[in-house]
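From first to last, the protein sequence lines are chains R and P.
Numbering (the working numbering) for the first sequence: 172 to 558.
Numbering (the working numbering) for the second sequence: -3 to 88.
By construction, the Cβ of each residue, glycine as well, lies at the ideal position given by its N, Cα and C atoms.
Keep in mind the model is a prediction, meaning the values are calculated, not measured.
A quick write-up on the structure given underneath.
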Amino acid sequence: MSTENIKFSREELARYDRHIIIPEFGLEAQKKLKAAKVLVIGSGGLGSPVLLYLAAAGVGTIGIVDFDVVDDSNLQRQVLFGVNEVGQLKAEAARDRLEALNPYIDIVVHNARLSSENALGIIRQYDVVADGTDNFPTRYLVNDACVLLDKPNIYASIFQFEGQVSVFNYKNEKGEVGPNYRDLYPTPPPPGLVPSCAEGGVLGVLPGIIGSLQALEVIKVITGVGELLNGRFYIFDALNFESRTFKIKRNPGNPLNGTNPTITQLIDYEQFCGLKNDAKTTVKEVTAQELYDLEVSGEPFQLIDVREPHEYDIVNIGAELIPLGTVSANADRIARDKKVIIHCKVGGRSAKAIQELQDKFGFDNLYNLKGGILSYIDEVQPELTRY
Amino acid sequence: MATVIIPTPLRKFTNNTARLNVKAGNVQDIVNDLSFNFPDLKKHLLDENGKIRSFVNVFVGDDDIRDLQNEHTSVKDDSVISIVPAIAGGNL
C-alpha cells in the first residue's frame, strides 16, 4: 500500500488532528488509513461500530456487504440505524449515515448476500476484510475466500454475553502467514445444537464492545501500529467482566493451507454446515397459509410448539408447549392418528424436533411450520406480537 | 483442584456456575467429571464417539490442547481450563 501520493486537505488535517499528534501514530499512519480499502461484511450489530469507527478514523475506501433491510428488532444494538431507516436497505442506509459522518472518504455499497459465486470478486477489490456476519456458512465462506486471496480477515463474533476477536490469515513482515478460522474451529456445529442470536438473543451493548475491538485491529493491521491479535484469540465474558487471550497456531491438517490442501476454490458452505443434508429434506413442511386452511377446515390435527416457556408467554398460537429439549421425553403426548404440526420461532428448532422424533420413534405424520410462528403472524394473524 | 471456566452459552447446563473446581490429572478426567455431574452438558462437549467436538476448543492456561496432547494434556491443581465453543452471532 503506497502512501506516496496521499495528500490531506486543511479540513482533513483538522479532522484527524487527534490521530496525527499521537507520536506512535502520526501523519504516516493517517496516510495509510486514507490509502486503505476495507471491506466490512455485515452492517448489523458488529458492523455498526466497525463502520462508524473506520469511517470516523478516515479509512479511505470502505465497502459494505449486506442484503438485509433495517427491522425494528435491529435498533436495540445496530446503532448505525434509527427509526427513520426501518424498512430501508441496510447497506444503503449505512452509506448515507457514514457519508454524513465523514465526507472525505469513499463508501462502496455491495447490496448482495455474500455467496461462493460473488465472494472472490468482491473481496479481491479490498486490502483488509472485517467479518461481522451472523451465521456459520458465511463465516467459513469469508475465511476461505480471504485465505485463497491472501487477505487478512479481522474476525469478531458474539452470542448472548460472549464475544470473540482474532486476526486471521495475517502475513507478517517475514512473510509468515498466521492461523485462520479453520485452524481455530475445523468444523461448524451441526444445525440445531447451538441456538442463533435470533433464538438465543444478544445483549445490545456487547456488539458495541466487540465491534469496537474489531475496528481497533483493522486500524492496527492497516497502520502496523502495535501488537496484533494475529496468532491469538481473545474472548470476553460480559457477565463476569472477564477477558482471556489464548495462543492459536496453524494446523498442518487445515484443508485450505495445511501441508496437503484439499480446498482450492470456494465450496458449498450451506452443505458444509449441514444445512442441506439429505436427512433434512425428509422433514415435511406446511406453510402458515396451509396451517390456517387446516384450522378452518375442521379436520383434526395437533399443534405443538417447541420453543421455551418464556417465548410462549410473549406470544403463542394455542399450541401445546413441549420445548425442544423435552420432545423425546414427551413423545407419548404426540398423536399418531392425525396430522401433527410442529412449530418454533422461525422453523429451525421444530425441524430438529421432527428429525429427532422420526429417527427415534418412527413418526410419519409430523409437519414443520415453515418460517415458524413469525411466518404465521405475518401471513395469518398480524395483530399478534412479533419478537 | 484445577479450575474449569464454563462459557456463558453453556452455563445453563451447570446451574449457572461459571467456575468449577475439578480434581483431575488430565483433560480427559475433566471431561469425564463434567459429563457425569452435568449430563445435559455432555452432548455439547462430546460427539457420539465420546471425543471432544471439533467446534469446542479447550485451552489449558493459554494453550489449545490440540497444540499439546489433546485429551491427554496433563493438568495441575493451579491449572485453569477454558472451554470455548464456536459462536457465529446470529442466524444459523
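Proximal residues of chain R, C-beta to C-beta of residue i below 8 Å
i         : result
Asp59/P   : Phe417, Lys418
Phe(-2)/P : What sits at residue -2/P in the sequence shown is Ala, not Phe. In chain order: nothing, as chain R lies at least about 16 Å away.
Euclidean distance between Cα positions of residue i and residue j
i        : j        : result
Leu377/R : Arg266/R : 23 Å
Ser286/R : Val348/R : 25 Å
Ser50/P  : Phe330/R : 19 Å
Gly216/R : Ile380/R : 10 Å
Lys451/R : Lys202/R : Interpretation of Lys451/R is limited by its pLDDT of 47, a score under 50 that renders its predicted location unreliable; the figure taken from the coordinates is listed afterwards. Their backbone Cα atoms lie some 51 Å apart in a straight line.
Lys112/P : Asn425/R : As shown, chain P starts at -3 and ends at 88. That puts residue 112/P outside it, with no answer to give.
Glu466/R : Ile512/R : 11 Å
Leu355/R : Ile419/R : 7 Å
Val313/R : Gln436/R : 12 Å
Ile177/R : Gly231/R : 10 Å
Arg189/R : Gln24/P  : 52 Å
Asp449/R : Pro360/R : With a pLDDT of only 47 at Asp449/R, under 50, the local geometry of the prediction cannot be trusted, and no value is derived from it.
Gly234/R : Lys72/P  : 48 Å
Pro194/R : Ala200/R : 10 Å
Ile192/R : Gly382/R : 25 Å
Val477/R : Gly213/R : 30 Å
Val250/R : Phe339/R : 26 Å
Ala490/R : Gly46/P  : 36 Å
Thr453/R : Pro362/R : 15 Å
Val318/R : Ala206/R : 22 Å
Val486/R : Leu555/R : 7 Å
Leu223/R : Asp549/R : 33 Å
Val211/R : Asn22/P  : 41 Å
Leu387/R : Ala409/R : 19 Å
Ile406/R : Gly518/R : 30 Å
Glu256/R : Leu30/P  : 47 Å
Ile544/R : Asn289/R : 33 Å
Tyr311/R : Tyr352/R : 7 Å
Residues bridged to residue i (per DSSP)
i        : result
Leu16/P  : Val0/P
Gly234/R : Leu210/R, Val279/R
Gly334/R : Ile329/R, Phe407/R
Tyr538/R : Lys455/R, Ile512/R
Ile48/P  : Leu42/P
Leu342/R : Reading the sequence as shown, one finds Lys at residue 342/R and not Leu. Per DSSP, Val348/R.
Asn324/R : Val300/R, Phe339/R
Gln259/R : Bridge partners of Gln259/R: none, in fact.
Pro545/R : Note that residue 545/R is Leu in the sequence shown, not Pro. In the DSSP output, where bridge partners are listed per residue, Leu545/R has none listed.
Arg415/R : Ile406/R
Ile77/P  : Val0/P, Val56/P
Phe472/R : Lys510/R
Glu175/R : DSSP output for Glu175/R lists no bridge partner at all.
Val373/R : Gln331/R
Per-residue contacts from residue i into chain P (C-beta, under 7 Å)
i        : result
Ser328/R : Ile83, Ala84, Gly85
Thr497/R : Under the 7 Å cutoff, chain P gives no residues; its nearest Cβ is about 11 Å from Thr497/R.
Arg310/R : Ala84
Within chain P, partners of residue i - CB distance below 9 Å
i        : result
Ile610/R : Only positions 172 to 558 of chain R appear in the structure, and residue 610/R is not among them; the question remains open.
Phe532/R : Within chain P, no residue comes near Phe532/R; the closest Cβ sits about 18 Å away, beyond 9 Å.
Leu410/R : Thr4, Arg7, Ala14
Gln331/R : Thr4, Pro5, Ile83
Contacts of residue i in chain P (Cβ-Cβ under 8 Å)
i        : result
Tyr356/R : Ser50, Phe51, Asn53, Ala82
Pro360/R : Arg49, Phe51, Pro81, Ala82
Amino acids of chain R, ordered along the chain, whose beta-carbon sits closer than 9 Å to that of residue i
i       : result
Asp74/P : Those within 9 Å of Asp74/P in chain R number zero; the least Cβ separation is about 16 Å.
Asp29/P : The premise fails here: Asp29/P is roughly 21 Å from chain R at the closest Cβ pair, so nothing lies under 9 Å.
heavy atom of the ligand ATP below 6 Å from residue i C-beta
i       : result
Lys39/P : What this structure holds is no ligand at all, so the ligand ATP is not there to describe.
Contact set between residue i and chain R, taken where Cβ atoms lie within less than 7 Å
i       : result
Pro63/P : Correcting the residue type first, residue 63/P is Asp in the shown sequence and not Pro. Correct list: Lys420.
Review point. Do the stretch 29 to 41 of chain P and the stretch 55 to 71 of chain P make contact, defined as three or more Cβ pairs closer than 8 Å?
Key: no
> Quick one, which residues of the stretch 278 to 298 of chain R are near chain P if we go by CB-CB under 8 Å, in chain order?
Replying inline: Residues of the stretch 278 to 298 of chain R with a C-beta atom less than 8 Å from some C-beta of chain P do not occur.
Any 3 or more C-beta pairs closer than 8 Å across the stretch 318 to 334 of chain R and the stretch 281 to 300 of chain R:
yes
Practice task
Would you check if the stretch 453 to 465 of chain R and the stretch 531 to 541 of chain R touch, i.e. whether three or more CB-CB distances between them fall below 8 Å?
Solution key: yes
Margin query: Along the stretch 333 to 351 of chain R, where does the CB come closer than 9 Å to a CB of chain P? Name the residues.
Written below: Glu333, Gly334, Gln335
query: Which residues, taken in chain order from the stretch 5 to 20 of chain P, show a beta carbon closer than 7 Å to some beta carbon of chain R?
result: If the cut-off is 7 Å between Cβ atoms, the stretch 5 to 20 of chain P has Pro5, Ala14 near chain R.
Could you say if the stretch 236 to 243 of chain R and the stretch 280 to 294 of chain R meet the contact criterion of at least three C-beta pairs nearer than 8 Å? yes
Does the pairing of the stretch -2 to 14 of chain P with the stretch 65 to 84 of chain P give three or more beta-carbon distances under 8 Å? Between the stretch -2 to 14 of chain P and the stretch 65 to 84 of chain P, the count of C-beta pairs closer than 8 Å reaches three or more; the two stretches touch.
- contact_flag[the stretch 11 to 25 of chain P, the stretch 498 to 517 of chain R] where n(CB pairs < 8 Å) is 3 or more: The answer is no - the stretch 498 to 517 of chain R does not touch the stretch 11 to 25 of chain P, with fewer than three Cβ pairs under 8 Å.
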